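Whatever position you read off the sequence shown (first residue = 1), add 67 for my numbering.
Think of the CB as a built atom: it goes at the ideal place given N, C-alpha and C, for glycine as much as any other residue.
For clarity, every value in this text was computed on a predicted model and none was experimentally measured.
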Amino acid sequence: MSTLDILKPKSKADFEDIVNGYLKEFVDDHLNEGFSWRPGQLNAIYEIVYTYIMKTHDTVILDAPVGSGKSLVAMAVSYVLNSMGKTGYILASDISLQDQYENDIKRMSLPWGTVKGVDNYICADNGEKHSLGSCKVRRKVAKTMHCYSICPYFKARDYAAKSSTSVLNYSYWLIMQNYTNGPGESFFPPRDFTICDEAHKVMDIVQSHFSPKFQKNTIDRVRKVVEFFNNHKVHDHTEHEIAISKALDTLWATEDQHVMSTYLIIIEKALQSFVKTSEVLYEKVNKEYANKRPPAEWREALFICDWIKDLHCKVQDYNSIINTTSTRNIVKNPSGDELVFNCIEERYLMNRTFHRFAKFKILMSATFASPSDYMRNINVKSAKYVKVDNSFSFEKSPIYYYPKRRMSYRDFANNKQWLFDKVNRILDEHPLDSGIIHTASYDVAKSIKENLSPKNAKRVHVYKGTDEKRALLDMMKMSKGKVIMGPSLTTGLNMYDDYARFSIIAKVPYPSLGDRFVKAKLAMDQGWYNWKTVVEILQAIGRTVRHENDWAITYILDGSLGDLIHKSRKSFPKEFMDRIKIMADD
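Dropping the structure here:
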């Protein structure tokens, strides 16, 4: 089949015939015998490829529900475009989704590579994380090392770099596009197409990636490496330590954006001096420990130097963005022991760090809510919109909504006892079922936990941090009747079948106004605030019904949902509204 045929189709029917030829090869060579496409998949593939060929838009938004097979659409589109001689990326929002793609690629015997961040790999020579691998510590050209051919990271990177389609996570792709595509060897330059899975998260990922973060112990780490440099006569950085310490104290104290900008520049320059000295340290390592592993103290110093280099890059990029736009775009965002600096000018941020590297992009998600709001938020002016209808039957999956009791901050005290009683009754009605309780905050989770009956308290588990959450989810896979409760369970969970038969939304998950960035965005754009909340709700209810034969009951106990529906009716899909059953307080 000639590639030229598809580049100049005589008609859309002619075009579909040609694409069907490629898809037949894809099915015959890579999918199981008896495979059949799900409703809407073929049309989505046709529309995406046709948009690419005809160049009517440089962006496609694929709005496809859970269970519609978005990842297979992504792989089929990639296969067709690869067959035309085009190269591209599939971007995953987290490691678990990337692992899913990697497993599918292996199962389907597709000749594509996938690579993760460097510290997901262990050095084949010294057993350390790759960032402290032998070639990094000794500043050796990796290809000259004896272990290059068996290095897990370089094997994965090189294979992915040569693949016509490469699966990366967003963070790795952002690093490759923004930092490594200068003069010299470039492994992952911009390609013909970029497919973004879980694309509703892209703005948050970009904002987080380019927001410098300082902890209360940041200066302690700097002092530790300064002491090491002094003890081993590498270089005296005492003045730079003092400058960083003073700057951080000022940043914690001040609310003046011009002052913040001034001291962020001071930190950037001081960190730059450490980056230069780190090269001297690497030379000393090569000289003094040429044939043996450096001591733990030296390895820790190397690790801190690597951390300083990353922090310097973040601060340098942030200062450049603020310098190009305005100090008015600085948002100082303290949270506990961490101080984060966000940029409120997200349209510029997206253009500079994301859009200019993605020539033709397919943005896929099950929860765009309002596509027009989404496009405005990520600064996409025009896009081809492709919708895959939901084919699930939700007869066994109602959403019971209790509208009379609001759980907003000012109403919570008056209604909390009703909430505690209602959660207990729901748990009593599902004595053998596993489930999820979405609380929007740890404070609400703590209050509910303290007011559960002894019987229910034994089966409801609140986690602290990612590791505890993962352990609890693993436990739920092995035994029924367990319930996980917390504020960060709305995304990334595949709670299919008996893994979860009910979920409770105790509080509508409005973004916290304790977050200064959220507060600043709300002041600029009420629509963004509502849109973010709708996306969180849709994500939450999507955790428990994962395939066409699955079912689960959802309870929404916060009457504030009615306000949100009134303000953002167009953002809620029909299948959501059709499932709602209005309930009395009982």
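- Message: Can you tell me where the beta strand (DSSP E) holding T533 begins and where it ends?
- Response: Judged by DSSP secondary structure, T533 falls outside any beta strand (DSSP E) and instead within the alpha helix (DSSP H) spanning G532 to M545.
- Just the C-alpha distance for Y117 and V447, rounded to the nearest angstrom, thanks. 20 Å
- Item | C-alpha distance - L71 paired with L139, whole-angstrom precision | Residue confidence for L71 is low, a pLDDT of 45 falling below 50, so the modelled location carries little weight and cannot support an answer.
- Length of the line joining the Cα atoms of A314 and R613: Here the alpha carbon of A314 sits roughly 50 Å from the alpha carbon of R613.
- Tell me whether P106 sits in a helix, a strand or coil according to DSSP, three-state version. coil
- Item | Distance, N457 Cα to V144 Cα | Distance from the CA atom of V144 to the CA atom of N457, rounded to whole angstroms, is 20 Å.
- Query: Between the Cα of N187 and the Cα atoms of V208, R206, V342 and R224, which residue gives the shortest distance?
  - Reply: Nearest of V208, R206, V342 and R224 to N187, Cα basis: R224.
- Task: Pick helix, strand or coil for M68, following the three-state DSSP scheme.
- Result: Caution applies to M68, whose pLDDT of 44 falls short of 50 and renders its modelled position unreliable; the model cannot decide the point.
- Tell me whether G629 sits in a helix, a strand or coil according to DSSP, three-state version. helix
- At which residues does the beta strand (DSSP E) containing P438 begin and terminate? Taken as a continuous stretch (DSSP letters only), P438 belongs to no beta strand (DSSP E), being part of the alpha helix (DSSP H) at P438 to I445.
- Task: Alpha carbon to alpha carbon, how far is M142 from T126? Give it in angstroms, no decimals.
- Result: So the alpha carbons of these two residues sit roughly 17 Å apart.
- Query: Is the region 483 to 501 close to the region 542 to 551, with three or more CB pairs under 8 Å?
  - Reply: yes
- Could you tell me the distance, in whole angstroms, from the CA atom of V511 to the CA atom of F341? 44 Å
- Message: Going residue by residue through the region 360 to 440, where are the continuous alpha helix (DSSP H) segments of at least 4 residues, counting only ones entirely within it?
- Response: 363 to 391 and 413 to 420
- Message: What does the alpha-carbon distance come out to for the pair M33 and K426?
- Response: Only positions 68 to 653 of the chain appear in the structure, and residue 33 is not among them; the question remains open.
- Message: Whole angstroms are fine: how far does the CA of Y476 sit from the CA of G581?
- Response: 12 Å
- Selection from S135, G184 and E335 that minimises the alpha carbon distance to K196: G184
- Message: Let's test the definition: count the other Cβ atoms within 10 Å of the Cβ of V86 and tell me whether it reaches 16, buried, or not, exposed.
- Response: The residue is buried, with at least 16 neighbouring Cβ atoms inside 10 Å.
- Query: Using DSSP with H/G/I as helix, E/B as strand and the rest coil, what is H528?
  - Reply: strand
- Message: Classify Y566: buried if its beta carbon has 16 or more other beta carbons within 10 angstroms, exposed otherwise.
- Response: In this structure Y566 is buried. Its beta-carbon is surrounded by 16 or more other beta-carbon atoms within 10 angstroms.
- Message: On the CB-based measure, 16 or more other CB atoms within 10 Å of its CB, does Y246 come out buried or exposed?
- Response: By the neighbour-count definition (other C-beta atoms within 10 Å, threshold 16), Y246 is an exposed residue.
- T506 and A573: beta carbons closer than 7 Å? Yes; because the gap between Cβ atoms is below 7 Å, this pair is in contact.
- Leaving out five residues before and five after K637 in sequence, what residues of the same chain have Cβ atoms less than 6 Å from its Cβ? S437
- Kindly indicate the opening and closing residues of the beta strand (DSSP E) around T321. T321 -> no beta strand (DSSP E), and no H or E assigned at all.
- Please classify A159: does DSSP put it in a helix, a strand, or coil? strand
- Query: Using the rule of at least 16 other Cβ atoms within 10 Å of the residue's Cβ for burial, across every protein chain shown, is I608 buried or exposed?
  - Reply: buried
- Message: Tell me which residue opens and which closes the beta strand (DSSP E) that S145 is part of.
- Response: Segment K137 to S150 is the alpha helix (DSSP H) holding S145; no beta strand (DSSP E) there.
- What's the call for D96, buried or exposed, on a 16-neighbour Cβ count within 10 Å? exposed
- Let me know the secondary structure DSSP gives S233 once reduced to three states. Shown here, S233 sits in a strand according to DSSP, grouped into three states.
- Where does the unbroken beta strand (DSSP E) through C263 begin, and where does it stop? Where C263 is concerned, the enclosing beta strand (DSSP E) stretches over F260 to C263.
- Ignoring anything shorter than 3 residues or poking outside the region 84 to 132, list the beta strand (DSSP E) runs there in chain order. 126 to 130
- Query: What is the rounded straight-line gap between the Cα of R646 and the Cα of A131?
  - Reply: Their backbone Cα atoms lie some 18 Å apart in a straight line.
- Taking C-beta to C-beta, are D625 and M474 nearer than 7 Å? yes
- Sheet register partners of K180 (DSSP bridge): Residue identity differs from the one stated: residue 180 is Gly in this sequence, not Lys. Looking at the DSSP assignment, G180 forms a beta bridge with S233.
- Would you report the Cα separation of L519 and V490, rounded to the nearest angstrom? Taking the straight line joining both Cα atoms gives about 8 Å.
- Query: Who does G502 pair with in a DSSP beta bridge?
  - Reply: According to DSSP, G502 bridges with V550 and F569.
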